[in-house]
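Down below is the structure, laid out as structure tokens.
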Amino acid sequence: KAGVTQTPRYLIKTRGQQVTLSCSPISGHRSVSWYQQTPGQGLQFLFEYFSETQRNKGNFPGRFSGRQFSNSRSEMNVSTLELGDSALYLCASSTGTHQETQYFGPGTRLLVL
Amino acid sequence: GEDVEQSLFLSVREGDSSVINCTYTDSSSTYLYWYKQEPGAGLQLLTYIFSNMDMKQDQRLTVLLNKKDKHLSLRIADTQTGDSAIYFCAEKEGFQKLVFGTGTRLLVSP
Numbered sequence: 001k002a003g004v005t006q007t008p009r010y011l012i013k014t015r016g017q018q019v020t021l022s023c024s025p026i027s028g029h030r031s032v033s034w035y036q037q038t039p040g041q042g043l044q045f046l047f048e049y050f051s052e053t054q055r056n057k058g059n060f061p062g063r064f065s066g067r068q069f070s071n072s073r074s075e076m077n078v079s080t081l082e083l084g085d086s087a088l089y090l091c092a093s094s095t096g097t098h099q100e101t102q103y104f105g106p107g108t109r110l111l112v113l
Numbered sequence: 001g002e003d004v005e006q007s008l009f010l011s012v013r014e015g016d017s018s019v020i021n022c023t024y025t026d027s028s029s030t031y032l033y034w035y036k037q038e039p040g041a042g043l044q045l046l047t048y049i050f051s052n053m054d055m056k057q058d059q060r061l062t063v064l065l066n067k068k069d070k071h072l073s074l075r076i077a078d079t080q081t082g083d084s085a086i087y088f089c090a091e092k093e094g095f096q097k098l099v100f101g102t103g104t105r106l107l108v109s110p
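And the structure:
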């Protein structure tokens, strides 16, 4: 089985722009979660989607949004980028049941200048 | 809220055992995890333990869980240079939300 894929792997944007990141889960997995990793704040949960519905949301401003498509692929969008949004964005895939573990993709590294 | 705590750094010699410790926050957490992150890479799931277990062994990895003290540890036997990485413990809150520790950087010297 192919693993979790994320595109693009690297991005450079400037303040005020917006960005869209994509995540394709493992085949058969219906849950996709997103995390932000920074040196200062560590790994923080953004949100989780299951069957196209957001089930859980972390403490991030409304500039961070996401969606999930019927094929379970997910996108996250960050509008009005700030310097502090520079981070590694990781997505994780699972079947979505409470007992299941999450498998992470390689991440998208975003640099905001 | 409280943080999931880990020591920042651990240095061992090749062939020794490594023990990475974690103190978690939520006594109702049902699953606890250990992930490994190598430079420039995502997170690799190493192992997990269900909260009704005290110990789990998986090849060179041994996980110990002390629910009373909310303490989790990962022991790596016969540590190799390829084990050098950052190790994160994580607890699950509700549906798929993981709360991660601060990470422990393991350095294995020849």
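Residue numbers (my numbering), protein chains in the order written: chain P, 1 to 113; chain H, 1 to 110. Don't be surprised by glycine CBs; every beta carbon is placed ideally from N, CA and C.
Fill in: Any alpha helix (DSSP H) of 4 or more consecutive residues that is wholly inside the region 4-76 of chain H
Fully contained in the region 4-76 of chain H is no alpha helix (DSSP H) run of length 4 or more.
Practice prompt. Give a yes or no on whether the C-beta atoms belonging to P/S93 and P/H29 are separated by under 8 Å.
Written response: Sequence index remark: in the first sequence, residue 93 of chain P carries index 93 (1-based). Sequence index remark: in the first sequence, residue 29 of chain P carries index 29 (1-based). Less than 8 Å divides the Cβ of P/S93 from the Cβ of P/H29.
Item to complete: Can you tell me the Cβ-Cβ gap for P/A2 and P/T38, rounded? I've got them flagged as a contact below 8 Å.
Response: As a working note, residue 2 of chain P is residue 2 in the first sequence. As a working note, residue 38 of chain P is residue 38 in the first sequence. About 28 Å separates the beta carbons of P/A2 and P/T38, which is beyond the 8 Å limit, so they are not a contact pair.
Worksheet item: If you check the beta carbons only, do H/D54 and H/L64 fall under 8 Å apart?
Response: Locating residue 54 of chain H in the second sequence gives position 54, where the first residue counts as 1. Locating residue 64 of chain H in the second sequence gives position 64, where the first residue counts as 1. With a cutoff of 8 Å on beta-carbon distance, H/D54 and H/L64 are scored as near each other.
Worksheet entry | Pairwise C-alpha distance: H/G42 and H/F88 | Residue 88 of chain H sits at position 88 when you count from the first residue of the second sequence. Residue 42 of chain H sits at position 42 when you count from the first residue of the second sequence. Separation of H/F88 and H/G42 (C-alpha to C-alpha, rounded to the nearest whole angstrom) is 12 Å.
Worksheet item: Under a CB-based cut-off of 8 Å, is P/S74 close to chain H?
Response: Locating residue 74 of chain P in the first sequence gives position 74, counting from the first residue. Judged by the 8 Å Cβ criterion, P/S74 is not in contact with chain H.
Practice prompt. Spell out whether any CB of chain H is found under 8 Å from the CB atom of P/F60.
Written response: The sequence position of residue 60 of chain P within the first sequence is 60, counting from 1. No - not a single Cβ of chain H is within 8 Å of the one on P/F60.
Discussion item. With a threshold of 8 Å between beta-carbons, can H/Y24 be considered close to chain P, or not?
Written reply: The residue labelled residue 24 of chain H in the question sits at position 24 within the second sequence. It does not: the Cβ of H/Y24 has no partner Cβ on chain P nearer than 8 Å.
Discussion item. Taking contact to mean 3 or more Cβ pairs, one atom from each stretch, closer than 8 Å, check whether the region 53-73 of chain P and the region 15-24 of chain H are in contact.
Written reply: By the C-beta criterion, the region 53-73 of chain P is judged not to be in contact with the region 15-24 of chain H, since fewer than 3 inter-stretch pairs fall below 8 Å.
Practice prompt. Show which residues of chain H have a CB atom less than 8 Å away from the CB atom of P/Y89.
Written response: As a working mapping, residue 89 of chain P is identified with position 89 in the first sequence. Going along chain H, no residue has its Cβ under 8 Å from P/Y89, so there is no contact; the nearest lies around 10 Å.
Discussion item. According to DSSP, is H/G1 part of a helix, a strand, or is it coil?
Written reply: Here the question's residue 1 of chain H lines up with position 1 in the second sequence. Low per-residue confidence applies at H/G1: pLDDT is 45, beneath 50, and the placement is therefore not dependable enough to give any value.
Worksheet item: Counting contacts by CB-CB distance shorter than 8 Å, is H/Y87 in contact with chain P?
Response: Mapped onto the second sequence, residue 87 of chain H falls at position 87. Chain P contact via Cβ: absent.
Worksheet entry | Cβ-Cβ distance between H/T81 and H/Q6 below 8 Å | Along the second sequence, read from residue 1 onward, the residue named residue 81 of chain H stands at position 81. Along the second sequence, read from residue 1 onward, the residue named residue 6 of chain H stands at position 6. Contact flag unset, no.
Worksheet item: Are there 16 or more other CB atoms within 10 angstroms of the CB of P/S31, so buried, or fewer, so exposed?
Response: For the purposes of this step, residue 31 of chain P is taken as residue 31 along the first sequence, with counting starting at 1. By the neighbour-count rule (16 or more Cβ atoms within 10 Å), P/S31 is buried.
Discussion item. Please state whether the Cβ-Cβ distance between P/L81 and P/K13 is less than 8 Å.
Written reply: Translated into positions along the first sequence, residue 81 of chain P becomes position 81. Translated into positions along the first sequence, residue 13 of chain P becomes position 13. Their beta carbons are under 8 Å apart, which means P/L81 touches P/K13 by this criterion.
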